[in-house]
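The structure appears below as structure tokens.
Protein chains: 2
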Amino acid sequence: MPRVSTDRLAARRQEILDGARRCFARYGYEGATVRRLEEVTGLSRGAIFHHYRDKDALFLALAEQDAARMAEVVADQGLVQVMRDLVADPNSEELSWLGTRLEVSRRLRTDPEFRELWRDHSAALARATRERLERQAKAGLLRDDVPVSVLAQYLELVLEGLVAHLAMGLPADELTAVLDLVEAGVRARR
Amino acid sequence: MPRVSTDRLAARRQEILDGARRCFARYGYEGATVRRLEEVTGLSRGAIFHHYRDKDALFLALAEQDAARMAEVVADQGLVQVMRDLVADPNSEELSWLGTRLEVSRRLRTDPEFRELWRDHSAALARATRERLERQAKAGLLRDDVPVSVLAQYLELVLEGLVAHLAMGLPADELTAVLDLVEAGVRARR
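Those sequence lines, one after another, are chains L and S. Okay, so the first sequence: first residue is 1 according to the UniProt record's numbering, each after it adds one. Okay, so the second sequence: first residue is 1 according to the UniProt record's numbering, each after it adds one.
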């Protein structure tokens, strides 16, 4: 039996994730059946579920990749920039995927185990947001009449609203002005 | 054949809506099958669909009732108060229903006809929000460096975020402080 290199394993896993993301985006969570996951990845169910235990595991791995990607932008440029990027480039597949994330909202509320896993997989983004805000507060860039934890929760709430808004295909024409307002609202007044 | 009074018709329709709301809240949009709608309302499918054409029509009628109810509070006390009420009284059935609303996000994005109907059925809330903000702006209560339309869109975005946040069962401990921040952010500075 040939040894498979770590690189090839990682590439295969990424291939599966990319296909699964397209599949979830197109058919939604419920509609992304095992048969459709096979079609879109070009792999057998045996091959797919060798790498990811089940559909939930695939879905959570995608949420984790999102969080990690956003966390990089947050660390560098802040959460408002993540939102500006979403508004500036409403890539249709990305929005479909965000819509699919919303579909599991009821399950997040009613299935504590799934919610714990989701939180673990999204933790990178929350951590990056808080760390950046704390750095900015130390540098005197943030308003100091509101705790950093409240500012972080505020920005996260706006992000959740923006994701819901865009995922529902609602108009985006004034969102840049709204984000200017949000950004000014957390900054120190000059 | 006995004549049915308008009052009795209205009561029957409300009975169906109340049952349907519980059914959507418990089973989600996909899971609210015709059989379950029959069980929860205690009515036959014939009786239910005599009043509402199909499941979509039921769902949209519920969305319209939400929007009308929220619009009353908005006209009187503002959109931030609607949000404070949601945070103060996280009624579990209400949150489940809000979660169900999120489940249709993908459909709102991909089904233009459904989106148009949804918008029509939610219009009362958007109108009430804009009207109240315009009254407040005239009275000099709002900041005047940002157009009212941007303030309205901002508050709606925060509401969408709050609904998503609560519907996903995420922690609500600092949300009151966040709403204070939001409210102060649209007011005229004194």
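For glycine and all other residues, C-beta sits at the position ideal for the given N, C-alpha and C.
Since residue i is in the alpha helix (DSSP H), which residue starts that stretch and which ends it?
{"i": "L/Leu125", "result": "Pro112 to Lys138"}
{"i": "S/Ser149", "result": "Val148 to Ala167"}
{"i": "L/Ala172", "result": "Per DSSP, L/Ala172 belongs to no alpha helix (DSSP H) and is neither H nor E."}
{"i": "S/Arg22", "result": "Thr6 to Gly31"}
{"i": "L/Arg84", "result": "Leu79 to Ala88"}
{"i": "S/Ser92", "result": "Ser92 to Glu103"}
{"i": "S/Leu37", "result": "Val34 to Thr41"}
{"i": "residue 215 of chain S", "result": "In this structure chain S extends from 1 to 190, so residue 215 of chain S is not present and cannot be described."}
Assuming the contact rule is C-beta atoms closer than 8 Å, residue i and residue j should be a hit. Round their C-beta distance to whole Å, please.
{"i": "S/Arg20", "j": "S/Leu58", "result": "For the sequence presented, residue 20 of chain S should be read as Ala rather than Arg. Going by Cβ atoms, the distance from S/Ala20 to S/Leu58 rounds to 5 Å, so yes, they are a contact pair."}
{"i": "S/Val148", "j": "S/Ala137", "result": "5 Å"}
{"i": "L/Ala164", "j": "L/Thr129", "result": "Contact flag wrong, Cβ pair sits at about 18 Å."}
{"i": "L/Gly99", "j": "S/Arg143", "result": "Incorrect: roughly 33 Å between the Cβ atoms, too far for contact."}
{"i": "S/Leu102", "j": "S/Ala167", "result": "6 Å"}
{"i": "L/Ala10", "j": "L/Val87", "result": "So it is not a contact: roughly 32 Å between Cβ atoms."}
{"i": "L/Leu181", "j": "S/Val150", "result": "7 Å"}
{"i": "S/Gly140", "j": "S/Ala188", "result": "6 Å"}
{"i": "L/Leu108", "j": "L/Trp118", "result": "6 Å"}
{"i": "S/Ala67", "j": "S/Ala25", "result": "With a Cβ gap of about 17 Å, S/Ala67 and S/Ala25 do not count as contacting."}
{"i": "L/Tyr27", "j": "L/Arg35", "result": "The pair is not a contact, with the Cβ atoms about 11 Å apart (cut-off 8 Å)."}
If the cut is a Cβ gap below 8 Å, which residues of chain L does residue i touch?
{"i": "S/Val74", "result": "Under the 8 Å cutoff, chain L gives no residues; its nearest Cβ is about 17 Å from S/Val74."}
{"i": "S/Arg109", "result": "Leu95, Ser96, Gly99, Ala167, Met168 and Gly169"}
Would you verify that the beta carbon of residue i is, or is not, closer than 8 Å to some beta carbon of chain L?
{"i": "S/His121", "result": "no"}
{"i": "S/Tyr154", "result": "yes"}
{"i": "S/Glu160", "result": "yes"}
{"i": "S/Glu94", "result": "no"}
{"i": "S/His165", "result": "yes"}
{"i": "S/Ala11", "result": "no"}
{"i": "S/Val150", "result": "yes"}
{"i": "S/Ala188", "result": "no"}
{"i": "S/Ala68", "result": "no"}
Give a yes or no on whether 8 Å exceeds the smallest Cβ distance from residue i to chain S.
{"i": "residue 195 of chain L", "result": "Because chain L in this structure spans residues 1 to 190, residue 195 of chain L falls outside the shown range and cannot be described."}
{"i": "L/Met168", "result": "yes"}
{"i": "L/Glu174", "result": "yes"}
{"i": "L/Arg106", "result": "yes"}
{"i": "L/Arg115", "result": "yes"}
{"i": "L/Ser44", "result": "no"}
{"i": "L/Gly99", "result": "yes"}
{"i": "L/Gly19", "result": "no"}
{"i": "L/Leu102", "result": "yes"}
{"i": "L/Ser5", "result": "no"}
{"i": "L/Leu157", "result": "yes"}
To which residues does DSSP link residue i through a beta bridge?
{"i": "L/Arg187", "result": "L/Leu142"}
Below 7 Å on C-beta distance, what does residue i contact in chain S?
{"i": "L/Arg36", "result": "What L/Arg36 touches in chain S: nothing, since even the nearest Cβ is about 15 Å away."}
Could you name the residues of chain S that residue i contacts, counting a contact when the two beta carbons are closer than 8 Å?
{"i": "L/Gly185", "result": "Leu181 and Gly185"}
{"i": "L/Val80", "result": "Correct list: empty, because the minimum Cβ distance to chain S is about 13 Å."}
Could you work out which residues of chain L lie near residue i, taking near to mean beta carbons separated by less than 9 Å?
{"i": "S/Ala47", "result": "The premise fails here: S/Ala47 is roughly 27 Å from chain L at the closest Cβ pair, so nothing lies under 9 Å."}
Residue i touches chain S at which residues, Cβ-Cβ below 9 Å?
{"i": "L/Ala177", "result": "Val146, Pro147, Ser149, Val150, Gln153 and Tyr154"}
For a test of your reading of the model: does the CB of residue i fall under 7 Å from any non-hydrogen atom of the ligand PLP? Yes or no.
{"i": "S/Gln81", "result": "No copy of the ligand PLP appears in this structure; indeed no ligand is present at all."}
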